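The structure appears below as structure tokens.
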Amino acid sequence: MYYHLVLVVKYRRKVISPSVSDYAKDMFLRISTTYNITLIEWNVDKDHIHILFKAQPNTELSKFINAYKSASSRLIKKNFPEVKRKLWKEMFWSRSFCLMTTGGAPIEVIKKYIDNQGEVR
1 MYYHLVLVVK
11 YRRKVISPSV
21 SDYAKDMFLR
31 ISTTYNITLI
41 EWNVDKDHIH
51 ILFKAQPNTE
61 LSKFINAYKS
71 ASSRLIKKNF
81 PEVKRKLWKE
91 MFWSRSFCLM
101 TTGGAPIEVI
111 KKYIDNQGEV
121 R
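Numbering (UniProt numbering), first residue to last: 1 to 121.
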């Protein structure tokens with residue numbers, strides 16, 4: 001199954017730079033292998049990310065998302081001091097997230113939609 005995940009930075013702070021995006025994407029790739037998840041498309045704006053990924057029906061998505069958000073939050077704030085200054089509490093990501101199955105839409109349409117999101121490249 002294909003999923004579209006949107007994660008938003010806490011307080012909608014505009015802290016996602018290209019280097020933060022690359023770091024977050026690399027972490028996604030490393031953690032996703034444990035959950036048998038394959039990244040299809042990745043795009044960011046300064047305050048949120050769009051991720052298209054493929055997962056097996058038995059993948060525990062809530063555990064994966066929690067593991068990713070926890071690890072990436074901690075390590076991004078540790079490795080990017082400018083982010084920590086703008087987010088004074090522990091969390092990098094907002095507590096909520098948006099996860100949608102792609103339904104009947106062709107994957108190429110979803111990929112194009114995600115590719116057209118955001119300003120950070």
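We treat Cβ as the ideally placed atom computed from N, Cα and C, and that holds for glycine. Note that the coordinates shown come from a computational prediction; the quantities given were computed from them, not determined experimentally.
- Taking a contact to require three or more Cβ pairs closer than 8 Å, the segment 3–20 and the segment 52–66 qualify as touching.
- For F97, the enclosing beta strand (DSSP E) starts and ends at 93–101.
- Going by DSSP, F80 is part of no beta strand (DSSP E) at all; its letter is neither H nor E.
- Counted as a single uninterrupted DSSP element, the beta strand (DSSP E) harbouring K54 occupies residues 48–55.
- Taking C-alpha positions only, I40 is separated from K14 by approximately 24 Å.
- L7 is classed as buried because its beta carbon has at least 16 other beta carbons within 10 Å across all chains shown.
- V8 has H48 as its beta-bridge partners, per DSSP.
- Beta-bridge partners of T38 (DSSP): K54.
- In the structure shown, the three-state DSSP call for N43 is strand.
- Apart from sequence neighbours up to five positions away, the residues of its chain that approach A71 with a beta-carbon distance below 8 Å are M27, I31, ordered along the chain.
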